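Asks:
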Amino acid sequence: MSDFKENVEKLNVRGIVLSSVMTAFGLVVALVWKDTIIATVDYLLPNTDDGTLQGMYISATAVTLLVIVLAKFAIKLNERVEREIDRVQSYFEDDDNEE
Numbered sequence: 795m796s797d798f799k800e801n802v803e804k805l806n807v808r809g810i811v812l813s814s815v816m817t818a819f820g821l822v823v824a825l826v827w828k829d830t831i832i833a834t835v836d837y838l839l840p841n842t843d844d845g846t847l848q849g850m851y852i853s854a855t856a857v858t859l860l861v862i863v864l865a866k867f868a869i870k871l872n873e874r875v876e877r878e879i880d881r882v883q884s885y886f887e888d889d890d891n892e893e
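Sequence positions in the sequence shown follow my numbering and run 795 to 893.
Below, the structure is given as structure tokens:
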């Protein structure tokens, strides 16, 4: 049974999930900025609507800020879960030491 517990601790599922979520957030930001950069290049060439470019920059900035807020929230939530797990594990470790 201790081998199973060691393997679970090494796996760090929460870390893997958090990393995947952050990667997904980064992908969202990259896709928004990709469109914005393409629009900037189109803007430098004739026949581009100025309102569309401004809207794209505003939306790219808004999405970036939203993703930053969500990422910080996910990190804080993970830290809180880590502390709670450590607290619960300490109860079990105290019980093991008393025996």
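From the three backbone atoms N, C-alpha and C, an ideal C-beta is built for every residue, glycine too.
If you're wondering where the values come from, they're calculated on a predicted model, not measured in any experiment.
Tell whether a beta-carbon distance below 8 Å holds between Ala-868 and Val-815.
Replies: Yes, these two residues count as a Cβ contact at 8 Å.
Asks: Using 8 Å for Cβ pairs, my map puts Thr-846 next to Val-823. What's the rounded Cβ distance?
Replies: In fact, because the Cβ distance is near 20 Å, the residues do not count as touching under 8 Å.
Asks: Assuming Ala-854 and Thr-830 are in contact, meaning their beta carbons sit under 8 Å apart, how far apart are those beta carbons, in whole angstroms?
Replies: Correct: roughly 4 Å between the Cβ atoms.
Asks: Keeping to the same chain, check which residues put their C-beta closer than 7 Å to that of Tyr-851; ignore five residues upstream and five downstream.
Replies: Once the five neighbours on either side are set aside, the close Cβ partners of Tyr-851 are Thr-830.
Asks: Taking the alpha-carbon positions, what's the Val-882 to Lys-828 distance?
Replies: Rounded to the nearest angstrom, the two C-alpha atoms are 45 Å apart.
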